[in-house]
Amino acid sequence: MSTNRINGKSFDIRVMGLMLHVESFNLSIEDNSTTAKNKGVPDGTLAGDVAASGEIELDIANFMILSAAARAAGSWRNIPTFPIDAYASGESSRGDELMHVRAHGCKLRISEVLSIDPNSTDKSKVKLPYDVTSPDFVWINGTPYVPGSEFELF
1 MSTNRINGKS FDIRVMGLML HVESFNLSIE DNSTTAKNKG VPDGTLAGDV
51 AASGEIELDI ANFMILSAAA RAAGSWRNIP TFPIDAYASG ESSRGDELMH
101 VRAHGCKLRI SEVLSIDPNS TDKSKVKLPY DVTSPDFVWI NGTPYVPGSE
151 FELF
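Per the UniProt record's numbering, residue 1 is the first one in the sequence shown, and the count goes up by one each step.
So, in structure tokens, the structure goes:
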């Protein structure tokens, strides 16, 4: 039986609801939860702060799609926060494989708008780092990383 496991080519990426072909994409979560100690002996856990960020690398054709959104917003810095969705599906001998990661409230920046090498035959690319700014944070396969009870006010 032939199987198609999930790999980098399997993913569809939506930024601001726009389907983009990415040269590379990453999202990292930093969770500063730690072990509580009593007289140096582990005694439970302490919930720490969380942060998430990543980087999108686009070729010029896909960068132009985001450029239209920046123009509509009046500037790159005026682009409102938005969700980023990464979807993939595949199959293995154990059944279907599905992956859906949604980062809420992403704020985009540009870190490398030009990197010119006159001897290169590679496509020109733009790097766009982003930070996750929403308390909805990151959901993985429909499950939130941070429980709602951690950011409810009442």
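Glycine included, each C-beta is placed from N, C-alpha and C at the ideal position. Remember, predicted model here, so these are calculated numbers, not experimental data.
Between the C-alpha atoms of Trp-76 and Ala-36 there is a straight-line separation of about 43 Å. In the three-state DSSP reduction, Asn-26 falls in the strand class (E or B). In the displayed model, Phe-82 falls within a strand according to three-state DSSP. Counting along the chain, no alpha helix (DSSP H) covers Arg-109, and no H or E run does either. Per DSSP, Ile-6 lies in no alpha helix (DSSP H) segment and is marked neither H nor E. Taking a cut-off of 8 Å for Cβ pairs, the stretch 11 to 27 and the stretch 49 to 56 touch, as three or more such pairs fall below it. For Asn-119, the secondary structure class from DSSP, reduced to helix, strand or coil, is coil. Secondary structure of Leu-66 (DSSP, three-state): helix. In this structure, Ile-56 places its C-beta atom within 8 Å of the C-beta atom of Leu-128. Where Tyr-130 is concerned, the enclosing beta strand (DSSP E) starts and stops at 125 to 132. In this structure, the straight-line span from the alpha carbon of Ser-67 to that of Phe-11 is close to 22 Å.
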